Each structure stands twice: as C-alpha cells, then as structure tokens.
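Chemist: All residue numbers for the sequence shown refer to this note's numbering, where the first residue is 327 and numbers rise by one. Backbone N, C-alpha and C fix where the C-beta goes; we use that ideal spot for every residue, glycine too. A quick note: this is a predicted structure, and the numbers were derived from the prediction, not measured.
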Amino acid sequence: MKLGRFVVDTHVHAQRFAAGSALAAEGNSDPAQRSYTDLAASIRKLVAYDNSARLLFDMDAYRVDMCVLLPAFGMSNELNAAIVARHPDKFVALCSAMETGRKAVAGEEPWTAKAAAAELDRLLSTGKYAGIGEGIPSDPSRKTTLGQTERLDQIRTIMEVARRHAVPATIHTGVVMGYPLTHHYWPETLHPIWLADIAFEFRDVPIVLDHGGMQGWWSERLVEECLAVAAGNDNVYLETGLWWTELYHKALIDPNIGAEKLVWGTDWGASIPLHGQPGNHPQVYAVQTRNAGPVRHQVDLWGWSLKQLWNLNIPQDDINLILGGNAARIFKLKVPHTRLFRPVSKGLVPQPDRSLTGSHGAKEKTVEG
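(1) Are ARG489 and ASP523 touching if we call contact CB-CB under 8 Å?
(2) Using a Cβ-Cβ cut-off of 8 Å (strictly less than) and excluding sequence neighbours within five positions of ASP479, which residues of its own chain qualify?
(3) Please report the straight-line C-alpha distance between LEU381 and GLY595, rounded to a whole angstrom.
(4) Here's a check: name, in chain order, each residue in its chain whose Cβ is nearer than 7 Å to the Cβ of THR452, leaving out the five neighbours to either side.
(5) Taking MET540 and LEU507 to be in contact with their CB atoms under 8 Å, please state how far apart those CB atoms are, rounded to whole angstroms.
(6) DSSP three-state call for ILE598: helix, strand or coil?
(7) Need the endpoints of the alpha helix (DSSP H) that PHE417 sits in, please.
(8) Cα-Cα, which of LYS454, ALA525, GLU435 and LYS658 is closest to ARG412?
(9) How would you write the range of the beta strand (DSSP E) that TYR563 sits in, first residue to last?
(10) Would you call the region 584–602 and the region 622–636 touching, i.e. three or more CB-CB distances under 8 Å?
(11) Assuming PHE657 contacts PRO494 (C-beta within less than 8 Å), just tell me the rounded distance between them.
(12) Of all the beta strand (DSSP E) runs that stay within the bounds of the region 421–463, which reach a length of 3 or more residues?
(13) Looking at the unbroken alpha helix (DSSP H) that takes in VAL534, where does it start and where does it end?
(14) So the candidates are LEU329, VAL610, LEU649 and THR496; which of them puts its Cα closest to the Cα of CYS552?
(15) Between which two residues does the alpha helix (DSSP H) harbouring HIS491 extend?
(16) By Cβ distance, which residues of its chain are closer than 6 Å to VAL670, with the 5 residues on each side in sequence left out?
(17) In whole angstroms, give me the CA-to-CA distance for LEU674 and VAL613.
(18) Return the chain-ordered list of same chain residues with a C-beta closer than 8 Å to the C-beta of VAL410, the five sequence neighbours on each side being excluded.
(19) Excluding the 5 residues preceding and the 5 following LYS576 in the sequence, name in chain order all residues of the same chain whose CB lies nearer than 7 Å to its CB.
What follows is the structure, encoded as structure tokens:
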C-alpha cells in the first residue's frame, strides 16, 4: 500500500559525481583507502552528471509522486532545471549561488554574500526555481572560523532575496560525520538555535530546516534546537526524512509543532549510508562511517525512512500532511486535486509582505490548502 495520497520528497539530489578517476589522479587509487574528506575536496572540482534515471526508478518502486531537487557542492542549477523541464509533473528545483562559489574556489573572485544574493536574484527571476537551497550560500574557499554575527548577517542578505521573490529558503542543520562540516562554512548547522533571530526577523518567509537537526549520527541535541526554533516561529518547518520513529513523537506531541510543521525529505542521492545496531537506540541511523570510507552504491534511504513513518500510529490525514500536503503549500506544488489535505490552523505559509517585495514581488499563486 502506498503510504500517502501524494508523496513528495523535499530534499533530493538528482546529480552525482564520478569521483573515482579524480581521486586516482591525485594518487588515491585504492578505493578502500579513500576518505569522505578526500571525496568532499574532489567533488568541488568535478562536473556532476544526471542521475535522474536511478531517481525515477526509485520513485516508481516506492510510489513517490514528486521530488524537490536541490544542488549541493559542485552541482549545477542548470542541470536541475533541465531535469524539471523534462519531467514538470515530477520535479521542481531550488537554486543556490553555485557560480559564485565556484569562482571563489577557483580563485577568480572573492566570495561575498552580496554577490551570492545577486546570483540568486537572477536565477529566481527566471521563474525556473521554487526557492533557495540546499542551505544558505556561504564561502566555500574560507579557511578560518566564521562567527555568529558575521554569519547571521550573511544569511540576512540571502533571506532578503527570498522575501523579495516570495519563495521559501532552506537552512542546513545536522552533521553526517564523514564530510567535514566546520565553523568555516555552515556554522549554523552546528548551532541551529542561532536561527531563532532569522526566523523572527523574516517571519514572512517560509524556512525549512534541512534535516531537522538529524542529517546523521545518533545524538539528538541538534534536533532539540531545531524543535525549539520551529515551536517558536510559525514560518519554520522541519525536514524529517532521516528521523527515526521516536524523533517524530517529540514533534507530534508539541502543540506548537505537530504534523503541520513537518515535511518529508531524505537527502536521496547523497552518499550517506545507514548504520544498524540491533537492540540499541536508535536501532538504525544515518551516518558516514569514517573507517569504511565512501559508499560506492546508491544507498536506499526511502525504504528505511518510509518504515519510520509507517510505525507511527497517527491519523492518516497527519501522515498525508507530512508526506506531501505541507510540501505542496510551502513549494506551491501542483497537485492532482484540491482538498486532498486537511486544513491546518498553524504553520501556515505566510503571504509575502508587498511593502517589502518591491518591484520584484512574485505574482500570487494558487496554493493547495
């Protein structure tokens, strides 16, 4: 049985890297000796390829109706837009300042939040993209610690673009233990509570916290911080696809969160394996195992993730919101019929403040309720 009426994965990478030859060229020819750190450094220099054939296969296998495509390090906004153009009934895409980041890594131009915002403004003006993500752009060439005040000011510059175009923005939270995530690039991913200021200042902009604090590992500390930000702000949503069942319980019993503020998104396409430890808690969780090195197959995240939702004994209308209804509102998706999802009393997508959007304000769109 299909788990929901209309199923949407809000965090999908339809691009992939053939990194083996690049690592070998750098003298790392033994796959068993390669590390996630090596892989993270290499993919910034590679050209990603279209992996949508495998994605479409999994969508058919698990009966996923739509996916929101996100670019990650070294990926291309344009390739995602081309995939959407071929399958407009199955995909929408978010955009990030990929070219600004590429120029910074290549030493062509220094990275600035203003330049990244200008690139996003151009991309969103095309009408090809449904929001900003994955995460808020930052300087990929930076080698020193990025402090809270400086980083929040960078985020504010990007959030102004989201406000102007009346689109959602995603902000990355959680760690995966293999790829290096430091205070150089995304410090907010290690300190989600920082985002309370951003959520309050931009309460007319829908914000999705990527991973809901759980991109990988077993610690629930970052999830707790994400729950606090979501409970205190109507415009904040939590992505839950890498949560195990018990984590859903925390959000569902909170009267300021509930099913209305949760969206399913699994990071499909990322090199994140699942680790099993039967008899312990959690019994399975996502994590990059450093001594095992990068995975070389397409990890099956959907099978495990959907089972976590299957184990929830909650009304089906709540499941339908988590799996698709909330995503339809946030990303303004076209759905087969109206009234597929129960109306919500909180966590509504705020309407854009026309006094703030200026001449670039987006036209009103019909949003599934």
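Modeler: According to the data block:
(1) For ARG489 and ASP523, no; Cβs fall outside 8 Å.
(2) For ASP479, where only same-chain residues beyond five positions count, the Cβ hits under 8 Å are ALA439.
(3) Distance between the alpha carbons of LEU381 and GLY595 is about 8 Å.
(4) Counting only Cβ-Cβ distances below 7 Å, and skipping sequence neighbours, we find nothing.
(5) Going by Cβ atoms, the distance from MET540 to LEU507 rounds to 14 Å, so no, they are not a contact pair.
(6) DSSP places ILE598 in coil when its eight states are reduced to three.
(7) From DSSP, PHE417 is part of no alpha helix (DSSP H) but of the beta strand (DSSP E) over 417–419.
(8) Answer by Cα proximity: LYS454.
(9) Following the DSSP letters along the chain, one finds TYR563 inside the beta strand (DSSP E) bounded by residues 562–565.
(10) Judged by Cβ distances under 8 Å, the region 584–602 makes contact with the region 622–636, as three or more pairs qualify.
(11) Right, their Cβ atoms sit about 7 Å apart.
(12) Listed in chain order, there is nothing to give.
(13) In the DSSP assignment, VAL534 falls outside any alpha helix (DSSP H) and lies within the beta strand (DSSP E) extending over 533–536.
(14) In terms of Cα proximity to CYS552, the closest of LEU329, VAL610, LEU649 and THR496 is THR496.
(15) Per DSSP, the continuous alpha helix (DSSP H) segment holding HIS491 begins and ends at 474–491.
(16) Same-chain partners within the cutoff: GLU586.
(17) Because LEU674 sits at a pLDDT of 47, beneath the cut-off of 50, its placement in the model cannot be relied upon, and the following sentence gives the value as read from the coordinates. Rounded to whole angstroms, LEU674 to VAL613 spans 32 Å at the Cα level.
(18) Closer than 8 Å at the Cβ level, and outside the excluded window around VAL410, lie LEU395, PHE417, VAL418, ALA419 and LYS454.
(19) So the qualifying residues of the chain are LEU553.
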